[in-house]
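Each residue of the sequence shown is one higher than the one before, starting from 961 at the first, in our numbering.
Where is the CB? At the ideal position from N, CA and C, for every residue including glycine.
Note that the structure is a prediction, hence the values are computed from the model and not measured.
Down below is the structure, laid out as structure tokens.
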Amino acid sequence: MEDCIFCKIVKGESPSYKIYEDEYTYAFLDIAKKQYGHTLVIPKEHFVNSIDCTEELLQKVILAVQKIARHYVNDLKFSGVLIMNANGKEAGQVVDHLHYHIIPHGDSENRSSDEDLSLQQQRLKLN
Ligand SMILES: [Zn+2]
961 MEDCIFCKIV KGESPSYKIY EDEYTYAFLD IAKKQYGHTL VIPKEHFVNS
1011 IDCTEELLQK VILAVQKIAR HYVNDLKFSG VLIMNANGKE AGQVVDHLHY
1061 HIIPHGDSEN RSSDEDLSLQ QQRLKLN
């Protein structure tokens, strides 16, 4: 979609701190949020939310969410992750391009949410 900020990020027309990418999905740090490592996972193709997305693509998205969550917990030793997905403005959806939030918790090294985003990217990125 032309005016969609997440479509622009996928196309490289807007900058992002990439965490993970595959054929169908893209993940990057949420620059609007204050939690350390707050990550967004989106399909490369534009869908508004989990309700209008095709079943096939939604599976790819949730598997990418799991892959990143496993990386944060199993490899990077966060104690847990909060996974969220809002559908519709009334439910708290701000950007109308399907996205899952992954918020890691319990960092043993107590990293600050003020840490530079490029440093967060270096530490958290999967590929
Ligand atoms: Zn979009």
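By DSSP, does L1086 sit in helix, in strand, or in coil? DSSP places L1086 in coil when its eight states are reduced to three.
If L1086 sits next to I1028, beta carbons under 8 Å apart, how far is it from one beta carbon to the other, in whole angstroms? 6 Å
Report yes if the C-beta distance between V1041 and T985 is below 7 Å; otherwise report no. Going by C-beta atoms, V1041 is not nearer than 7 Å to T985.
Cβ-based burial, V1025 [other Cβ within 10 Å; buried from 16]: Under this definition V1025 is a buried residue.
I'd like the list of long-range same chain contacts for H1059, defined as Cβ closer than 6 Å, with 5 residues on each side in sequence excluded. L1000 and I1002
What three-state label does DSSP hand E1050 in the structure shown? Of the three classes helix, strand and coil, the one that applies to E1050 here is helix, per DSSP.
Suppose you measure from the CA of K1004 to the CA of S1078; what does that come to, to the nearest Å? 22 Å
At a cut-off of 6 Å, is M1044 close to ligand 1 when judged by its beta-carbon and the heavy atoms of the ligand? A distance criterion of 6 Å places the beta-carbon of M1044 beyond contact range of ligand 1, judged by its closest non-hydrogen atom.
As a quick exercise: from V970, R1030 and I965, pick the residue whose alpha carbon is nearest that of A992. I965
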